[in-house]
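S.K.: For the record, the sequence lines run as chains A and B. Okay, so the first sequence: first residue is -7 according to my numbering, each after it adds one. Okay, so the second sequence: first residue is 6 according to my numbering, each after it adds one.
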Amino acid sequence: EAGVTQFPSHSVIEKGQTVTLRCDPISGHDNLYWYRRVMGKEIKFLLHFVKESKQDESGMPNNRFLAERTGGTYSTLKVQPAELEDSGVYFCASSQRGAGKYNEQFFGPGTRLTVL
Amino acid sequence: GDSVTQMEGPVTLSEEAFLTINCTYTATGYPSLFWYVQYPGEGLQLLLKATKADDKGSNKGFEATYRKETTSFHLEKGSVQVSDSAVYFCALTSAQGGSEKLVFGKGTKLTVNP
């Protein structure tokens, strides 16, 4: 079974440009999470989808970030326009949907975004 | 809000040495606690977990005990190997509002030398 995949693995763009990151979760996983690790700091939660609906987007830093999950399968995270402080590693994770217990999140390898 | 504090790295050990990575947390309610590991070039993998007080999570020779009285979840291994070189993240989830979002510490980079 394929794991969580992310594309691209690395993106270098200039300030003011637009970048779109993609995440393909494990097939059948309703939950999809986006996280970000800025250099030297904690991995921070950005948002959580249940199927195509946003369950929690409390971690989105500002309106330059737009996440979508059309059809409840893959997800995209667009940054427009990118700023220097957006540099970091963006992780995607997915999990099954179940009640009454923690549903293990499986992480992708991350996309390293560098904004120059 | 919820937070996790783990010891700063990097940590460098010789093979077969004893490892401790300290982790303490602040959370409302009764969080579940985790250790994730990121090997070079790979994504995060769940190493072990504990969901209630006094639970001990264990995997691959690593152990951590959920200590509610000290709000701690320290990671230990009796004899590290070169293959344990990785970045280790302590994390928690309170599963508030239906979202099991994880709150992570800053990570501790471990290097084990032969």
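The beta-carbon is built from N, C-alpha and C at its ideal position, and this holds for glycine as well. Please read all numbers here as calculations on a predicted model, not as lab measurements.
Would you say Glu74(B) reaches chain A, if we count a Cβ-Cβ gap shorter than 9 Å as a contact?
M.R.: As a working mapping, residue 74(B) is identified with position 69 in the second sequence. Glu74(B) does not count as touching chain A.
S.K.: Tell me the DSSP bridge mates of Ala85(A)?
M.R.: Indexing the first sequence from 1 puts residue 85(A) at position 93. For Ala85(A), which the question treats as bridged, DSSP gives the partners Tyr25(A), Phe99(A).
S.K.: Considering only C-alpha positions, which residue in the set Asp48(A), Ser86(A), Pro73(A) is nearest to Gly102(A)?
M.R.: Looking up residue 102(A) in the first sequence gives position 110. When only C-alpha atoms are compared, the closest one is Ser86(A).
S.K.: Would you be able to state if there are at least three C-beta pairs under 8 Å between the stretch 33 to 41 of chain A and the stretch 96 to 113 of chain B?
M.R.: Flag = yes, the stretch 96 to 113 of chain B and the stretch 33 to 41 of chain A touch.
S.K.: What three-state label does DSSP hand Leu76(A) in the structure shown?
M.R.: As a working note, residue 76(A) is residue 84 in the first sequence. Looking at Leu76(A) - three-state DSSP - the assignment turns out to be helix.
S.K.: On the criterion of 16 or more Cβ atoms from any shown chain inside 10 Å, does Leu58(A) qualify as buried, or is it exposed?
M.R.: Translated into positions along the first sequence, residue 58(A) becomes position 66. Leu58(A) is exposed by the Cβ-count criterion.
S.K.: By the criterion of Cβ-Cβ separation under 7 Å, what are the contact partners of Pro101(A) in chain B?
M.R.: The residue given as residue 101(A) occupies position 109 in the first sequence. Within 7 Å Cβ-Cβ: Glu47, Gly48.
S.K.: CB Asp7(B) to CB Ser77(B), shorter than 9 Å?
M.R.: Locating residue 7(B) in the second sequence gives position 2, where the first residue counts as 1. Locating residue 77(B) in the second sequence gives position 72, where the first residue counts as 1. Taking 9 Å as the Cβ cut-off, Asp7(B) and Ser77(B) do not qualify as a contacting pair.
S.K.: Tell me which residues share the same chain as Val4(A) and place their Cβ nearer than 7 Å to its Cβ, disregarding the 5 neighbours each side in the sequence.
M.R.: As a position in the first sequence, residue 4(A) is number 12, starting the count at 1. Excluding residues within five positions, the ones whose Cβ falls inside 7 Å are Thr106, Leu108.
S.K.: Whose Cβ in chain B lies nearer than 7 Å to the Cβ of His40(A)?
M.R.: To locate residue 40(A), count along the first sequence from 1; it is residue 48. Simply Ser104, Lys106.
S.K.: Any C-beta of chain B within less than 7 Å: which residues of the stretch 43 to 58 of chain A qualify?
M.R.: Residues passing the 7 Å Cβ filter: Gln47, Asp48.
S.K.: Measuring only the C-alpha atoms, how far is Val92(B) from Lys114(B)?
M.R.: Numbered from 1 along the second sequence, position 87 holds the residue referred to as residue 92(B). Numbered from 1 along the second sequence, position 109 holds the residue referred to as residue 114(B). Answer to the nearest angstrom: the Cα atoms are 4 Å apart.
S.K.: Might you give, ordered along the chain, the residues of its own chain that have their beta carbon closer than 8 Å to the beta carbon of Thr65(A), omitting 5 neighbours on each side?
M.R.: Walking along the first sequence from the start, residue 65(A) turns up at place 73. Only Asp16, Pro17 meet the Cβ criterion.
S.K.: Determine, using beta carbons only, whether Ser37(B) and Asp48(A) come nearer to each other than 9 Å.
M.R.: Walking along the second sequence from the start, residue 37(B) turns up at place 32. Walking along the first sequence from the start, residue 48(A) turns up at place 56. No, they are not a contact pair.
S.K.: Just verifying my parser: in three-state terms, what is the DSSP assignment at Asp48(A)?
M.R.: Sequence index remark: in the first sequence, residue 48(A) carries index 56 (1-based). In the structure shown, Asp48(A) sits in a strand (DSSP, three-state: E or B).
S.K.: Where does Asp89(B) fall in DSSP's three states?
M.R.: As a working note, residue 89(B) is residue 84 in the second sequence. Note: Asp89(B) maps to helix in three-state DSSP.
S.K.: Just how far apart, CA to CA, sit Asn64(B) and Leu52(B)?
M.R.: By 1-based counting over the second sequence, the position of residue 64(B) is 59. By 1-based counting over the second sequence, the position of residue 52(B) is 47. The straight-line gap from Cα to Cα measures roughly 6 Å.
S.K.: With C-beta atoms as the reference, is Gly46(B) less than 9 Å away from Val(-4)(A)?
M.R.: As a position in the second sequence, residue 46(B) is number 41, starting the count at 1. As a position in the first sequence, residue -4(A) is number 4, starting the count at 1. No, the pair does not count as a contact, with Cβ atoms beyond the cut-off.
S.K.: On the premise that Thr10(A) lies in contact with Pro53(A), defined as a C-beta separation below 8 Å, what is that separation, rounded to the nearest angstrom?
M.R.: Your numbering for residue 53(A) matches position 61 in the first sequence. Your numbering for residue 10(A) matches position 18 in the first sequence. About 16 Å; that fails the 8 Å criterion.
S.K.: Chain B partners of Phe(-1)(A), CB-CB under 8 Å?
M.R.: For this step, residue -1(A) is matched to residue 7 along the first sequence. Near Phe(-1)(A) there are no residues of chain B at all, since even the closest Cβ is about 13 Å away, more than 8 Å.
S.K.: Closer than 9 Å between beta carbons: that is the criterion. Which residues of the stretch 55 to 68 of chain B meet it against chain A?
M.R.: Of all residues in the stretch 55 to 68 of chain B, Thr56 have a Cβ within less than 9 Å of some Cβ in chain A.
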